[in-house]
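Beneath this line is the structure, given in structure tokens, with notes to follow.
In our numbering, the protein residues as written are 64 to 366.
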């Protein structure tokens, strides 16, 4: 008896079932033949096709992804190359064997293309999305040799090419399309739903980009009708990112020079001599610093 048979046998014994009961088999057959639908939000379902594309771009940007909209698929390689230059990345890309990517005119760029799965040593992974969800700005990527799942999670930068015609309103619409495309019994092993780059705020609620996957997610949206306005490169502060540190310098306003009625900011008081308690505290701090080793350098996954 295999380990699988042992596990399933234990489950059947706990349920008091044999696995051959006709009502139970009929319930499974009905569910597979007619999958139940989840809740359908009206935010995306009530919009027309062109409005859905604009909503997809809006929600993708809100999730800290970046979007580049091109009118023709022939412009996609140049958009990928421009993204790499903008982030000072080497012109090397690892992609799967998806025919949608293979037919693009990569020879018009200086990019070096590698094909196949990655083992974590590629800085940029390139995938072709099965579809997009306007409701949340989410990408659906079906696993397989054409789009290895390792490209979705191991590279620090993930670039995804998406056709505007493949943008649906809701998750349920994409699930139905996936079942219709592959058919019963031949579904992909994994369906990856990706919303923005990887992030985590588990430690002291400090947001860390790239915690469990790519630090950046860039979407090249092929939209012949250009329904969505072309997105800029990177926002100054992407949604959900850690705010920049304070800028040094005085915040005291000083009126322009000249004129008798000039108002000047008050002079700061001269520093007072440190008290005995302050000197003791500083000495104690120095002793504590000397008693503990320096901390490790920051992780390379931090933004």
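Ideal placement from N, C-alpha and C gives every residue a C-beta, glycine not left out.
- At a Cβ-Cβ threshold of 7 Å, residue 189 and residue 195 do not count as neighbours.
- With contacts defined by Cβ atoms closer than 7 Å, residue 224 and residue 115 do not form a contacting pair.
- Comparing alpha-carbon positions, the option among 186, 253, 242, 197 lying closest to residue 211 turns out to be 253.
- Residue 127 sits away from residue 208, with the two beta carbons spaced by 7 Å or more.
- Runs of the beta strand (DSSP E) lying entirely within the segment 146 to 228 and spanning at least 3 residues, in chain order: 155 to 158, 175 to 178, 187 to 191, 194 to 196, 201 to 205, 220 to 226.
- The residues 157, 188, 211, 213, 214, 217, 218, in chain order, have a CB closer than 8 Å to that of residue 181 in the same chain once the five nearest residues on each side in sequence are set aside.
- For the pair residue 197 and residue 232, the CB atoms are nearer than the 7 Å cut-off.
- For residue 108, the CB contacts under 7 Å within the same chain, skipping 5 residues up- and downstream, are 232, 233 in chain order.
- With a threshold of 16 other beta carbon atoms within 10 Å, residue 278 meets it and is buried.
- With 16 or more other CB atoms across the displayed protein chains lying within 10 angstroms of its CB, residue 140 is buried.
- Boundaries of the beta strand (DSSP E) harbouring residue 279: 279 to 285, taken from the DSSP string.
- Here residue 241 is actually not in contact with residue 264; their C-beta atoms are around 31 Å apart, not less than 8 Å.
- Per DSSP, residue 118 has no beta bridge partner at all.
- Taking 8 Å as the upper bound for CB-CB distance, residue 200 and residue 149 are not in contact here, some 21 Å apart.
- Counting along the chain, residue 254 sits inside the beta strand (DSSP E) bounded by residues 254 to 257.
- Selection 119, 176, 67 evaluated against residue 228 yields 119 as nearest (Cα-Cα).
- Across the set 346, 344, 343, 288, the C-alpha of 288 shows the shortest separation from the C-alpha of residue 133.
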